[in-house]
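Working notes, structure below.
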Amino acid sequence: MTPRAGQTEAVINGYASTMRILLLATVIAAFAVGQKPPNIILFMVDDLGWQDVSVPFHANKTEFNRRYRTPNLEKLAARGVKFTNGYASAPVCTPTRTSLMTGQCPARTHITYWTLRKDRDQSAKHALVRAPKWDVNALQGKRTTLPRALKAMGGYGSIHAGKAHLGAKGTRGEDPTNLGFDVNIAGHAAGGPGSYYGVHDFSAKHRSQDRVWDVPGLDAYHGKDIYMTEALAIEARKAMRKVAKRGRPFFVHFAPYAVHAPIMANKRYLKHYEGLHPKEAAYATMIETADAALGALLEEVEALGQTERTVVIFTSDNGGLSAHARGGKRHTHNAPLRSGKGSAYEGGVRVPWVVAWPGVTKPGSVNDQVVVTHDLFPTLLSMTGRSSGRARSAALDGKDLVPVLRGGALAGEERSVLWHMPHFWGVNGPGIAPYSAVRHGKWKLLYFHGSRKLELYDLDADIGETRDLSASRPEVLKRMGSLLTQRLRDAKAQMSIDVKTGEAVPFPDALIR
66 MTPRAGQTEA VINGYASTMR ILLLATVIAA FAVGQKPPNI ILFMVDDLGW QDVSVPFHAN
126 KTEFNRRYRT PNLEKLAARG VKFTNGYASA PVCTPTRTSL MTGQCPARTH ITYWTLRKDR
186 DQSAKHALVR APKWDVNALQ GKRTTLPRAL KAMGGYGSIH AGKAHLGAKG TRGEDPTNLG
246 FDVNIAGHAA GGPGSYYGVH DFSAKHRSQD RVWDVPGLDA YHGKDIYMTE ALAIEARKAM
306 RKVAKRGRPF FVHFAPYAVH APIMANKRYL KHYEGLHPKE AAYATMIETA DAALGALLEE
366 VEALGQTERT VVIFTSDNGG LSAHARGGKR HTHNAPLRSG KGSAYEGGVR VPWVVAWPGV
426 TKPGSVNDQV VVTHDLFPTL LSMTGRSSGR ARSAALDGKD LVPVLRGGAL AGEERSVLWH
486 MPHFWGVNGP GIAPYSAVRH GKWKLLYFHG SRKLELYDLD ADIGETRDLS ASRPEVLKRM
546 GSLLTQRLRD AKAQMSIDVK TGEAVPFPDA LIR
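Residue numbers (my numbering): 66 to 578.
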């Protein structure tokens, strides 16, 4: 049964209470430890695909890896660990970003799609199903968020720079400072910018009357020949200096709007991409500009003398945009992965993942452990040393990765990862439909709500998801169907609504004989 709005609020409030108890216990434990926690830079690029960097995350370097220039990410990977099975919490932005902030998967938060305006459902119309009731305004002021937890446990000064997209316009959640950040640089309700150019005032006014996309807080750069990602890096460096001067550890959530549309070239890098289709060349400059911003932050850390005590995480909020061609063929920009942003397939959710923790991660190492965005909540709290890695909450879906970063393994049985997006993104393409999915070991089961179709893939043998094994492996299908149903029920997930009957679609185990 689909929970009503009041039930959803009860789940949220219950989680907040649980986390307050957890934080109180761990803060008390902190006084006994007396260890100064590390600085943390979490660099989350927008819409950056698994193949959109020069660091290969596949077994072999691909054409895309050779095309794009990300030298600073290469240096970071050489200092830390590269996760080849790194995932985003969702195939679109807001659910992943709010999962980072809460440690919960979107199925549990009921923030299962992207938001924009207050009380408005942005879901596109689907012929067979419609979206259930969900939290259309996303994060609001009372939840225990990552910056709040880090401040409570380690005294962190927290800085948000760039895309927020955590709460709808006209709500408290549109401003990251209402969610626990001390500083907000240019974050607001919209998921994309009006323009990347300072000469446009980072506004869409040159092409649209709608001001919702205009990026706030960068007035000092209006009218100037500067790319937005560059301005964000300058401002983030200033904020880092201020926190460091006070003797506090800093948590920097650097989230460039790039490489989200509109695709706009940074002319400073175009010479590196001569011969490419103009739109693809422009896209490549956006990637290189983001990498240069990563380099700028690392330079600041070095200038502050903090390199050896600063953890740096690099990832993306969802798979790369592939539904719109950039001079190539649609739905191929993440190859060998299938499809891209908005899709249930690997191209929609598998993303770059690198963690460098001086003195802990083995330089240049590669790890095939399955990891996902909401793991970062408990992991970063554990990194503070204040909970000795023992902080746990039944409401958290994320796993503490500190044992993995130290060269070990996750505690307990082999993990499963749940995805749930009961919404239609509005673009036709492979896997772009309301769905739920689970990965456990090498197996991935997808359940498309509208068609009631189940698909089963062995990702070790078929990373491109080309061979559906649901008919030939009935025992695995049954096991995975039970697991997916269990995970959905545990999260109190809200299932899509059949437009003909008005009833929620069945859980997947009901379809398996």
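For every residue, glycine included, the Cβ atom is placed at its ideal position computed from N, Cα and C.
*What residue range is occupied by the uninterrupted alpha helix (DSSP H) comprising residue 154?*
It is not in any alpha helix (DSSP H) - residue 154 carries neither H nor E in the DSSP assignment.
*Residues of its chain near residue 344, where Cβ-Cβ distance is below 7 Å and the 5 sequence neighbours each way are ignored*: 328, 391 and 392
*Does DSSP put residue 572 in a helix, a strand or coil?*
coil
*Quick one: Cα of residue 523 to Cα of residue 546, how far?*
15 Å
_Local Cβ density within 10 Å of residue 300, reported as buried at 16 or more and exposed below that_ = buried
_Any C-beta of chain B under 9 Å from that of residue 557_ = Annotation note: the requested chain B is absent from the structure, which comprises a single protein chain.
_Under the three-state DSSP convention, the category residue 159 falls into_ = helix
*Stretch-stretch touch, CB-based, cutoff 8 Å, three pairs: the segment 394–405 with the segment 356–375*: no
*Quick one: grab the DSSP three-state call for residue 178.*
coil
*In this structure, does DSSP put residue 426 in helix, strand or coil?*
coil
*Are the Cβ atoms of residue 352 and residue 326 separated by less than 9 Å?*
no
*By Cβ distance below 8 Å, which residues in the same chain neighbour residue 202 in space, the five residues on each side in sequence not counted?*
180, 183, 184, 232, 233, 236 and 238
*asked:* Using the Cβ count rule (16 or more neighbours within 10 Å means buried), how would you classify residue 272?
replied: exposed
*Segments assigned beta strand (DSSP E), at least 3 residues, entirely inside the segment 188–254*: 222–227 and 248–250
_Would residue 579 and residue 129 qualify as a contact pair, given that the criterion is a beta-carbon distance under 9 Å?_
Only positions 66 to 578 of the chain appear in this structure, which leaves residue 579 out of reach.
*Count the other C-beta atoms from every protein chain shown that fall within 10 angstroms of the C-beta of residue 89, then say buried if there are 16 or more, exposed otherwise.*
Caution is warranted here: a pLDDT of 37 is assigned to residue 89, below 50, making its placement in the model unreliable, and no coordinate value can be reported.
*Considering only the beta carbon of each residue, do residue 480 and residue 464 sit closer than 9 Å?*
yes
*Look at the alpha carbon of residue 198 and the alpha carbon of residue 162, and state the distance between them as a whole number of angstroms.*
20 Å
_Beta-carbon proximity check, residue 261 vs residue 293, cutoff 9 Å_ = yes
*Name the residue from 312, 167 and 259 whose alpha carbon lies nearest to the alpha carbon of residue 244.*
167
_Residues in the same chain with beta-carbon distance under 6 Å from residue 429, minus the five sequence neighbours each way, listed in chain order, please._
143
_Pairwise C-alpha distance: residue 521 and residue 576_ = 14 Å
*Considering only residues of the segment 477–511, which uninterrupted alpha helix (DSSP H) runs meet the minimum length of 4 residues and lie entirely inside it, listed in chain order?*
none
*Going by the CB atoms, is the gap between residue 317 and residue 104 shorter than 9 Å?*
yes
*Kindly indicate which three-state DSSP category residue 532 falls into: helix, strand or coil?*
coil
*Distance, residue 165 Cα to residue 146 Cα*: 20 Å
*asked:* Am I right that residue 102 and residue 449 are in contact with their C-beta atoms under 8 Å? What's the rounded C-beta distance?
replied: 4 Å
*asked:* Looking only at its chain, what residues have a beta carbon closer than 6 Å to the beta carbon of residue 438, apart from the 5 residues adjacent to it on each side?
replied: 153, 154, 161, 164 and 165
*Could you give the DSSP three-state label for residue 378: helix, strand or coil?*
strand
_Contact set for residue 66: own chain, Cβ-Cβ below 8 Å, skip 5 residues either direction_ = Reliability of the predicted coordinates at residue 66 is poor, the pLDDT of 37 falling under 50, and no value is obtained from them.
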